[in-house]
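Below is one structure; the comments refer to it alone.
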Amino acid sequence: MVGASLHGIHTRLDTLADDGRFEVVCARTGRRPFPAADHRFPSRSVAEEAARLVGQYRAALRRYDPTLARLDLVVCESVRDGRDGPRRQATVEFCHDVAGATFEALSAAGHDAVERAVMDHYLAAAERVLDRDALCLALLDSMAAELDRRLTVEELAAVCRDAARRLPEPVRHGDPLDDSLTRFRSLSLLDGYDRSTDRGSCSVVLSGYALAEERVTTLPLVVDLSRRHDTLPRIANACALDEETWRLTVVFDGPPTGLATAG
């Protein structure tokens, strides 16, 4: 299964990583691609092996979405100390980072049947997608639907936490919800949002969310929030205000709900 392959590559990268001066980057953008975004390597030869593994990781995902960009991966010697600052990330890259980490989490938890169901759902949905750029969204939408259908709340919560741990550590600016929604807006996954808070409960209005049609696909938001907050959210009361606008409630208290879809 793809999750097992991705997990094996990720594990090998973790083994190669060290507090060295070499890193894998895209020659065109300068971005350090997942799953090596947080890694540095002790020598150029080791980093070259890591670049080969990153290429294999992305090739495995590209079997299901041919629009995933082929990166010109190169090895650079870093002269910077500390962690990188915020990086611009394309929508497709973000979606595949989340999907890849979630596939790994499913495989690690032994949810092979769920993994197969996700791919069956996605391959059927992909045949109906006219815009090739929307295939990455179809992958997340299919994944969320099958996770909701086939996992218990406890199993889904564990998968979300594990997927979040597999992604690079985020740059924290302040409120986790604002940080995540601002990131979604910068990725053009969201046109805009408004929020109000009452006794710890946030009412959020999402405008132009790319993963909302008959319901809101919350999985990528939950995974991103889990990187920024110690508690999984309760997402509830999702309702469509019009064709482009949804309102929902987000609370970081009590048992988690709405971890994959809401509404």
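The opening residue of the sequence shown carries number 948 in this note's numbering; numbering runs sequentially from there. Built from N, CA and C at the ideal position, the CB exists for glycine as well. Values in this document were obtained by computation on a predicted structure and should not be read as measured data.
- Query: Beta-carbon separation of Trp1193 and Val1170 under 8 Å?
  - Reply: Not in contact: Trp1193 and Val1170 (Cβ atoms no closer than 8 Å).
- Simplified DSSP assignment, three categories, for Asp1067: Correct three-state label for Asp1067: helix.
- Length at least 4, wholly inside the region 1085–1152: the alpha helix (DSSP H) runs in chain order: Segments of the alpha helix (DSSP H) lying fully in the region 1085–1152: 1100–1113 and 1123–1133.
- Query: By Cβ distance, which residues of its chain are closer than 7 Å to Ala1111, with the 5 residues on each side in sequence left out?
  - Reply: Result list for Ala1111: Val1170, Ser1173 and Arg1174, in chain order.
- Sort out for me which residues DSSP pairs Val1170 with in a bridge. In DSSP, Val1170 forms no bridge with anything.
- Identify, in the order they occur along the chain, each residue of the same chain with its Cβ nearer than 7 Å to the Cβ of Asp1044, setting aside the five sequence neighbours on each side. Once the five neighbours on either side are set aside, the close Cβ partners of Asp1044 are Phe981 and Leu1114.
- Task: Could you check the C-alpha separation between Asp965 and Cys1042 for me, to the nearest Å?
- Result: Distance from the CA of Asp965 to the CA of Cys1042, rounded to the nearest whole angstrom, comes to 27 Å.
- Item | Alpha-carbon to alpha-carbon, Ala984 and Arg1027 | With a pLDDT of only 45 at Arg1027, under 50, the local geometry of the prediction cannot be trusted, and no value is derived from it.
- Message: Using 8 Å as the cut-off, can you tell me whether the region 1200–1209 makes contact with the region 1174–1187, which would need three or more C-beta pairs spanning the two stretches below that distance?
- Response: Verdict: yes, contact present.
- Message: Please classify Pro1013 as buried or exposed, where buried requires at least 16 neighbouring CB atoms within 10 angstroms.
- Response: Burial call: exposed.
- Under the rule that 16 or more other beta-carbon atoms within 10 Å means buried, what is Val1118, buried or exposed? Around the beta carbon of Val1118, fewer than 16 other beta carbons lie within 10 angstroms, which makes this residue exposed.
- Whole angstroms is fine: what's the gap from Leu953's alpha carbon to His1068's? Rounded to the nearest angstrom, the two C-alpha atoms are 20 Å apart.
- Less than 8 Å between the CB atoms is what I'm expecting for Ser1135 and Arg1142, so what's the real figure, rounded? Contact check for Ser1135 and Arg1142: beta-carbon distance about 19 Å, past the 8 Å limit, so the pair fails to qualify.
- Cβ pair Tyr1011, Met1090 closer than 8 Å: Met1090 is positioned such that its CB atom lies no closer than 8 Å to that of Tyr1011.
- Message: Quick check on the burial criterion: 16 or more other C-beta atoms within 10 angstroms. Buried or exposed for Ala1006?
- Response: When all chains shown are included, Ala1006 counts as exposed.
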